[in-house]
Structures are given as structure tokens and as C-alpha cells.
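Peer 1:
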Amino acid sequence: MKKNVLRVEGISVSYGPIQALDDVSIEVDEGEIVSLVGANGAGKTSLLRAIMGLQKVHTGRIVFMGNDITNTSTDKVAGSGIGLIPEGHLVFSTMTVLENLQVGGYHYPQEVSSSLESVFESFPVLYKRRNQIAGTLSGGEQQMLSIGRTLMSKPKLLMADEPSLGLAPKVISEIFNILRDLNEKGYPILLAEQNAKKALEFGDHAYVMETGRVLFQGPAKELMGNPKVRHAYLGGNV
Amino acid sequence: MSPVIYYFLSFTAINILMCWAFYLPYRVGQLHHLVVSCMMASAYFSGYAARQWSWPFALTLLVGTAIGMLICLLPSFAIGDAPCFTVVIVGLTVLFIMKTAIENTRALGGTLGFFGIPQVNNLLLLAYLCLAVAGLLIYRIDNSRLGRAASMVFVDRDAASALGVDVKRLGMLFQIIAGGLAGLAGSLYAFLIGSLFPEFFNLGVIGTLMCMLFAGGHSTMWGVVISVPVFEGLHLILPTAVASWLQVIYAVTLIVVILVLPGGLITKKMLVKVGERFRARPQTVSIKGGIKE
Amino acid sequence: MEIFVAQLLNGLSLGSIYVLLVLGFNLMLVVAKIIQFAYPHLVVLSMYVCWGMLKYTNNMFLVVLASIVSCVIVNVAIEPIFRALSKKHGLDINVSFVVSISIALLITDVMSHALNYGFPIAFPTDWVGKSVLNFGLITFSVGQAYALIGGIAAVALFFYLLYRTRQGRVFRALSENSVLASIIGIPVVKTRILSYAIAGLLGGVTAVLFARLLGSASPSLGDFVAMKVVAVSILAGLGNLKGGLVCGLLLGIAESLAMGYLPGSWSNAIAFMMILIIMLIKPEGLFGIQI
Ligand SMILES: Nc1ncnc2c1ncn2[C@@H]1O[C@H](COP(=O)(O)OP(=O)(O)OP(=O)(O)O)[C@@H](O)[C@H]1O
Ligand SMILES: [Mg+2]
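Chains as they are written, first to last, in the numbering used here: chain A, 523 to 760; chain B, 2 to 294; chain C, 61 to 351.
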């Protein structure tokens, strides 16, 4: 039996009058890749933001590694081991690549150099560009930097919000390969992705969301075979 | 009339005019401290013209207003759509330059002050007449296309200009009208008080006016009509030992108001509600769980 | 020519003070996203603390310590006001400007009521010091030397902190994107408070240097300096640290040169005139806004 890493229990979130999440529950187990699938505005980002403490949760609970982290401040959530790779390959664009990585290791100042080594090993391109200003990197490189910076904080759970957004197909598959490798190294991953096909192929388990609710859930392969899901999200004839 | 009431009434009129001069450019998000310079220039000009050249009151008032507008006109070409902090610093620097200039000008009394401005009959009545006219002007502006455009600019400058609002022209217009109001206030001030001192026109005045504007409410022109007399009255009834700390009281009030009551005493929403009650529309629907802020 | 050189030296010393003030001001601007107009007033308040300490002790170390401690305490004590403000209004620097002007008025009024009966204070003559250099008209006082050397040292340390240390990286990350900073685990509130503390520390040092340079202080000094500091920061481009360095030094030099050739009561007006002209020509600043 796999150990549970993250458990979201019936949370709801709203932006003023707009309800973005309504009674959403998900689970992530050890070593697992969990995909969140849904169209624009389904609430994927809102869910990740709520977990991260960036958005107030009105009802429900979020439990991470056995601790209740509902409505905890974001830096504490990050410190407890949740690493979010935010939407839109965000980097500190006026700082160098190296500085971006160093600042990512905020909670482990003693281990920055050893973490740096392992990040540079996984991303040789970042080592090559370590003294370049991050704002001048290409989109794909920025996404790698964003992932590398998250790894610097030694997360126990990786959450990626549309890591493929705005990138060329070749780069996208590269990014997914990187995430796959990271998962094989033991990182559980919670992935939010609009591209249902990609997300279902990639994940072990998946949740299909629409207008703030979870419509379907189950092993990704099963959902792929589900005719309703195929019809609504995979264009019917994939 | 007792001098106490006379001073209360005259300072109330002048401060309401000045608060309106602050209010108008703040409609587009600018704290236009330059108006205090307009007031100072106009007051000194009016005093000088009335005493040395024996100009009639009405002419002095007109020219004083024009001077105020002129002082705002020139910089407005540069700062009509400038960010708020730039506008603030322009206002403050001009004030200090003007103060230095007057302090170093013998003919205007220098640091000693300028005395002997002739009296005018029925001045208080005339002052309130001017106030009413100015109020009407602002009311018309507020309820015109300009006022609505300004509200848009206040919320989102970029969106407003994308919708075709000429932010710079609007800002310039408001700054110039504000200058005129301040010029009028300065002229009246010179006649009402009869003597002028350069150190009166300092950062403290700006603090006082901002306090009155924000406490009354910066989203409508009516807030200051209530807050100014209250503060002026407070000034009168406080014991002198406390009243000498008036600056501190204003400063603390301003901070507390901004923290606790960001919209001020009277907000636009409140006026809309009151208006609805008066019109007593039967079809007013209450929206339960509707739009919250 | 001699006047020119003398005033140039003067200007460099005065400019160093401006630069220090602008740095502290800009640090809070970029990290905490506030316009702290009252920062120079706090520095003047610390000059009063120095003056008070000098009555009891001549120990330089104690005086500097008192200045720094007072400036840090007051600056950090103001922080909750701005934090409450940002809860209510979001990070609106214009609102913070209004509030900090009120704080400035408050400090000025307290100084002019309660400290030395509102009279200007004068530091002992040996505090300003005799001139260390003397060539005809050119004199260079100990106070000027302190301001210049202390200024350079403090600026160097400040930039070292910001660009070469872990804490500096955290400051820069937070100043660029506070949400992203919190996502990677940087405690936003704590870091902001730290920026107030460092600005206070810088302010305390500046107060000592300024006192040695001027030899006096008065309640209205805060207003003059605050306007120059905010103006320099705007002229350089709000939040632009390196631009602030250049503009602060230039203002000091320009002001001193004007002082050398014009009657004394006009020197502030000349400085403001220059500020005004540049600001009207370039309302967004010379080197670009960086907040
Ligand atoms: N800051 C906000 N203010 C108001 N409403 C918001 C805000 N952010 C998101 N929403 C609303 O919440 C709902 C869910 O948005 P969310 O960003 O979580 O969707 P998403 O699944 O991530 O979509 P996408 O695939 O486009 O990123 C949407 O209806 C959106 O309009
Ligand atoms: Mg999203």
C-alpha cells in the first residue's frame, strides 16, 4: 500500500462572487504522477493556488504528509516541501540563472552547493548559461530554470501548472521527459494540463475537472477508455 | 459678528475651496499639491494689488483666479498625465521655490509678512457666493462626461485610455481648474485675513487639506463640506494646549482614516443609496449574496 | 577655480549623504513597495539623538550606536502601519506616500514642539572638526572627510549586501515578484521588516555623518532633505538603485556649486529649481522606473 502524500478534502474557493472550486477532493500518493485535466477556467490553477496557500479556502481541508496545511501562509507551505512550478515559466528575470537557483534554496542554505550540482547535472544547459540574466533565456530554458529552482528547495511533492504552455512541440516533449525522469527519481508529481491527451498519457491517475468540480477520476488509462471523456476532451476519435 | 465666528466662517470657506482644488485632480489619481502654490501666489498678488495699486476687489479676485490657473497651466503640459508621485514632488518643489522667492522679496514683506490689505464690505457673504459658484461648477463637471471619464481613469488609467479617454487632456483640465479654485481661495484669503506670512504656506497646510479631503471622502465633492467645518470647529473648541498640537492631530487622523475608513466619511456609494431612497423607486431589487467587494 | 574645487569637494560630501538617504529610501521602495517620505525625518530625529547623547558622553562609539539603534527602532516601529495599509489597499505606493507625509508632519511637529523647545540644535565644534586640508580657499573639514569616506564605505557595503550575499538575493527576488518569492519559500513579511531594519541602520549611520558635515540640525531640515531624496529617487527612476547613486551625487555637487556663487538663502531654491526643470522635462525619470 502506497503512502499518501497530499490529500485535498472537499475544498471550495471563490474569487469574490465567482466560485472557482466547489467541493473538490483529490489525492496524490508516493511516487505517483497525478494529472488534472480540464478546459480553460476549469479551476486547475485555482486548486494549485489553494494548496499553495495563495488563495483562501472556505471549506474543506488540505493535508500534506499528515499535517493540515489549510490556509497556511505560502512560504510555510513551500518550506514544508511543496514545490510549485508556476504557470508561464516564471523566473526572476533581472537575476542571473545561478542567482535564481541559489535563491530557490532559501530553506536549505547549507546544502545549496550540493543541490546546485545535482540540478546542473540534470540540466546541463543551465550550467552553460549560469551567468546569463534569466530574462534573456528562451522560453524552454526559462521553464527548465523554473523546474531547477523548484528542485533547489528539496520538495517532497512537485506541482506543475501547464508546463507546456507557450512552448514549441519539441521543447514540450523535452519538458515532459524531464518531469518523467524526476518522477522516476522518486518525486510525486501533480500536473495541471489543458492538453487532455498528453496529460492522460503522462499520468498514473487523473482527475477531470469542469467549472470548479471534479467530473471524473480514476487511473489515467481507464479514463482514456471512458467514452464520455473521449467524447468531451479527446475529440472523440483519438 | 464675534471674531471667533468670523474666523471660523472664513477659514471654512477657504478650506472648502482648497479641498475642492485637491479633490478635482484626485479624481484622476493625482495629488496636486501645486494648488497651495497657486493659493500663495494669488494671495500675495491680491494683497499687493489692493494695497499698492488700490485695485477694486472684483478685479483682484478675477486676476487672482487667473494667476492660479496660469501657474497650473504651464506645468500641466508636462505633468498632465504624470504618475502621482511626480505630481506631488513638482507641487512641493514649486511651493518651496515660491516661498524662498517671497521670503527674499522686500516689497512683499519678506519673512516678516505682508500687512495692511484693505477691508472689503460684506466680504464673508461674497466669499460664500464664490463658494457656491465654485461648487456648482464642480457639480456640473462631476456629472458630465468628464466626471465619468475621470472615474474610469482613477480605477484603471490604461483601460481608460484604451477606451478613448484622453488622459492627459483630462488631467490638464482638472489641474487648471484646480489652480483657478486655489487662486480664488488665495485671493479671498488675503482679504479675509488681511495679512500674509510666508511660513503659513508649508507642508502643514498640505497635510491639513489632505486630512480634510480624505476624512470627508475623496470620491465625492460633498465630503469636505462636512469635514472642513468639523475640523475648523474642533480647532476653536480645543483648549490651546491641545490646539497647538493640531498638526499632530491632523496627521494621526489622516493615517487612521486611511487605515480604517479608506473611502472617507461620505462615499459615492452612500450618495447613490441616499438618492435611491429619495426617489423611492418601488422596483428597487435587493440582490442577496450579490456583488461583494 | 579655487572656489570651484572647494565647492566640488563640498558637493561630493553632501552628495554622499544624499546617496545614502536615497539608498535606504529605495531599499524600502523596492522591497516593501512603499514611498517612505518620512525616512529623512527619521534620520534628522536620530541627529537629535546624537546631539542628546553628546551632552552625556564623548564616546564616539556610543553616539553612533545610539543613533543607529534609535533609527532602526523607529523605522521598524512604523512598519506595521504600512503593512496594515497594504492589507487594506493592496500595494498602492500613492497611498503609502500620503501616509508617510503624515508621519513626516508628525515627526516635524514633535521636533518643533518638544525637542530643544523647537530651536535648531548645534553640535559641538570639535564634532564638526577643523579642516584637514587647506589650500587657499579650499578647505576640507573633518566632517566633510567623514561624510565622503563614510559614504563611500556604506555604499560599497550596501551594494555588496545586495548583490553578493544570500540576503541580498532574497531582497532582489522579493522586489521583482513577491508572489513568486513566496512560492519558493521566502517569508515576505519577515523579509520586508528586515528591509526596514537595514534602511534604519543605514539611516543611523547617515545621521552621524550628516551631523558631522552640517554641524547643526533643525525641525525643518527633514522636509527639505525628504523632498530632495524623493525627488532624486524619482529623477533617477523610482526604485533604480544605480540611477539614485548618480543623481544623488549630481544633486550634491550642483547644489554646492550654486551655493558657492549665489547668496545662501537661495541655495535650496536653486536645488529645487533644478529638480523641477528635470522633472518637468522627464516626468518618468532619467534611468527608468524599476518597481
Ligand atoms: N484572480 C481572479 N479573480 C477572479 N476570478 C478568477 C481569478 N482567477 C481565476 N478566476 C476564475 O476562476 C475560474 C477558474 O480559473 P482557473 O485559473 O483556476 O482555471 P484553469 O483551469 O487554470 O484555466 P486555464 O487552463 O485557462 O489556466 C475561472 O472562471 C476564472 O475566471
Ligand atoms: Mg491555469
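Where a beta carbon is used, it is the ideal one built from N, C-alpha and C, also for glycine. Every value quoted in this text rests on a predicted model; they were computed, and no experiment measured them.
Is it the case that the Cβ atoms of methionine 617 of chain A and valine 647 of chain A are separated by a distance below 8 Å?
Peer 2: No.
Peer 1: Is alanine 126 of chain C helix, strand or coil by DSSP?
Peer 2: Alanine 126 of chain C: helix per DSSP, three-state reduction.
Peer 1: Any chance you could list the alpha helix (DSSP H) runs of at least 4 consecutive residues sitting entirely within the segment 137-216 of chain C, in chain order?
Peer 2: Correct list: 153-174, 185-188.
Peer 1: Give the residues of chain B in contact with lysine 38 of chain C, contact being defined as C-beta atoms less than 9 Å apart.
Peer 2: Since the first residue of chain C shown is 61 and the last is 351, residue 38 of chain C is not available in this structure.
Peer 1: Where DSSP assigns a beta bridge to alanine 682 of chain A, which residues make up the other side?
Peer 2: For alanine 682 of chain A, which the question treats as bridged, DSSP gives the partners A:Ile607, A:Leu713.
Peer 1: Among B:Tyr8, B:Val95, B:Ala151, which residue has its Cα nearest to the Cα of glutamine 31 of chain B?
Peer 2: Among B:Tyr8, B:Val95, B:Ala151, the Cα nearest to that of glutamine 31 of chain B is on B:Ala151.
Peer 1: Any contact of the segment 635-644 of chain A with the segment 617-627 of chain A, i.e. 3+ C-beta pairs under 8 Å?
Peer 2: Because the criterion of three Cβ pairs below 8 Å is met, the segment 635-644 of chain A and the segment 617-627 of chain A touch.
Peer 1: Beta-carbon within less than 7 Å of valine 756 of chain A's beta-carbon, same chain only, minus the 5 sequence neighbours each way: which residues are those?
Peer 2: Inspection of the sequence shows that residue 756 of chain A is occupied by leucine rather than by valine. Cβ neighbours of leucine 756 of chain A beyond the five flanking positions: Ala718, Lys719.
Peer 1: Rank B:Pro76, B:Pro263, B:Gly195 by C-alpha distance to the C-alpha of arginine 52 of chain B and give the top, closest one.
Peer 2: Measuring from the Cα of arginine 52 of chain B, the nearest candidate turns out to be B:Gly195.
Peer 1: Kindly list the residues whose CB is nearer than 7 Å to the CB of threonine 61 of chain B, restricted to its own chain and excluding five residues on each side of it in sequence; keep chain order.
Peer 2: For threonine 61 of chain B, where only same-chain residues beyond five positions count, the Cβ hits under 7 Å are Ser47, Ala50, Ala51, Ser188.
Peer 1: Please list, in chain order, all residues of the same chain as serine 595 of chain A whose beta carbon is under 6 Å from its beta carbon, the five residues on each side excluded.
Peer 2: Answer for serine 595 of chain A: Gly575, listed in chain order.
Peer 1: Which residues mark the beginning and the end of the alpha helix (DSSP H) in which proline 4 of chain B is found?
Peer 2: Where proline 4 of chain B is concerned, the enclosing alpha helix (DSSP H) stretches over 4-27.
Peer 1: On a CA-only basis, which of A:His611, A:Glu732, A:Val550, A:Arg735 is nearest valine 693 of chain A? Give me that one, please.
Peer 2: Selected option, being the one with the closest Cα: A:His611.
Peer 1: Which residues in the same chain have their Cβ closer than 6 Å to the Cβ of arginine 652 of chain A, if we skip the five residues on either side of it in sequence?
Peer 2: Excluding positions up to five away in sequence, the list reads Val619, Leu620.
Peer 1: Can you tell me whether threonine 567 of chain A sits near ligand 2, meaning its C-beta is under 7 Å from at least one heavy atom of the ligand?
Peer 2: Yes, the Cβ of threonine 567 of chain A comes within 7 Å of a heavy atom of ligand 2.
Peer 1: Measure the C-alpha to C-alpha separation of leucine 269 of chain C and lysine 302 of chain C and round it to an integer number of angstroms.
Peer 2: If I take the Cα positions, the gap works out to 21 Å.
Peer 1: Compute the Euclidean distance between the alpha carbons of tyrosine 729 of chain A and arginine 752 of chain A, then round it to the nearest angstrom.
Peer 2: So the two alpha carbons sit approximately 14 Å from each other.
Peer 1: Quick one: residues in its chain with C-beta nearer than 7 Å to the C-beta of glycine 245 of chain C, no 5 flanking neighbours on either side, listed in chain order?
Peer 2: Here the set comprises nothing.
Peer 1: If you measure beta-carbon to beta-carbon, which residues of the segment 15-37 of chain B are closer than 8 Å to chain C?
Peer 2: Cβ contacts with chain C come from Gly30, Leu32.
Peer 1: Taking Cβ positions, are tyrosine 78 of chain C and leucine 311 of chain C nearer each other than 8 Å?
Peer 2: Taking 8 Å as the Cβ cut-off, tyrosine 78 of chain C and leucine 311 of chain C qualify as a contacting pair.
Peer 1: From what residue to what residue does the beta strand (DSSP E) around asparagine 526 of chain A run?
Peer 2: Counting along the chain, the beta strand (DSSP E) containing asparagine 526 of chain A begins and ends at 526-537.
Peer 1: Do you know how far the Cα of alanine 564 of chain A is from the Cα of asparagine 759 of chain A?
Peer 2: With a pLDDT of 49 at asparagine 759 of chain A, under the threshold of 50, the predicted position of this residue should be treated as unreliable, though the coordinate-derived value follows. Computed Cα separation, rounded: 23 Å.
Peer 1: Would the segment 23-40 of chain B and the segment 177-186 of chain B be scored as touching if the rule is three or more Cβ pairs under 8 Å?
Peer 2: As far as the Cβ criterion goes, the segment 23-40 of chain B touches the segment 177-186 of chain B, which means the pair count is three or higher.
Peer 1: Do isoleucine 103 of chain B and proline 343 of chain C have their beta-carbon atoms positioned less than 8 Å apart in this structure?
Peer 2: The answer is no: Cβ separation not under 8 Å.
Peer 1: Going straight from the alpha carbon of alanine 66 of chain C to that of glycine 205 of chain B, what length do you get?
Peer 2: Their Cα atoms are separated by approximately 36 Å.
Peer 1: If you measure from the beta carbon of glutamate 139 of chain C to each beta carbon in chain A, is any gap under 8 Å?
Peer 2: By this cut-off, glutamate 139 of chain C is not an interface position.
Peer 1: Within 10 angstroms of the Cβ of tryptophan 111 of chain C, are there 16 or more other Cβ atoms? Answer buried if so, exposed if not.
Peer 2: It counts as buried.
Peer 1: Under the rule that 16 or more other beta-carbon atoms within 10 Å means buried, what is asparagine 123 of chain B, buried or exposed?
Peer 2: Asparagine 123 of chain B is exposed by the Cβ-count criterion.
Peer 1: May I have the straight-line CA-CA distance separating histidine 236 of chain B from isoleucine 94 of chain C, to the nearest angstrom?
Peer 2: Cα to Cα, histidine 236 of chain B sits roughly 32 Å from isoleucine 94 of chain C.
Peer 1: How about glutamate 621 of chain A: is its C-beta nearer than 8 Å to some C-beta of chain C?
Peer 2: Cβ-Cβ to chain C under 8 Å: yes for glutamate 621 of chain A.
Peer 1: Exposed or buried, what is isoleucine 181 of chain C when buried is set at 16 or more other beta-carbons lying within 10 Å of its beta-carbon?
Peer 2: Buried, since its Cβ has 16 or more Cβ neighbours within 10 Å.
Peer 1: Under 8 Å by Cβ, that's how I've got valine 37 of chain B and phenylalanine 232 of chain B pegged, so tell me the actual separation to the nearest angstrom.
Peer 2: With a Cβ gap of about 17 Å, valine 37 of chain B and phenylalanine 232 of chain B do not count as contacting.
Peer 1: Answer yes or no: do isoleucine 6 of chain B and valine 158 of chain C have a C-beta to C-beta separation smaller than 8 Å?
Peer 2: In this structure, valine 158 of chain C does not lie closer than 8 Å to isoleucine 6 of chain B by Cβ.
Peer 1: Output yes if chain E places a C-beta closer than 8 Å to the C-beta of valine 230 of chain C; else output no.
Peer 2: The displayed structure is made up of protein chains A, B and C, and chain E is not among them.
Peer 1: Excluding the five sequence neighbours on either side, which residues of its own chain have a C-beta within less than 8 Å of the C-beta of alanine 42 of chain B, listed in chain order?
Peer 2: Hits under 8 Å: Ile68, Gly69, Ile72, Met99, Gly184, Gly187.
Peer 1: Is tyrosine 537 of chain A near ligand 1, judged by its Cβ being under 7 Å from some heavy atom?
Peer 2: Yes - ligand 1 has a heavy atom lying nearer than 7 Å to the Cβ of tyrosine 537 of chain A.
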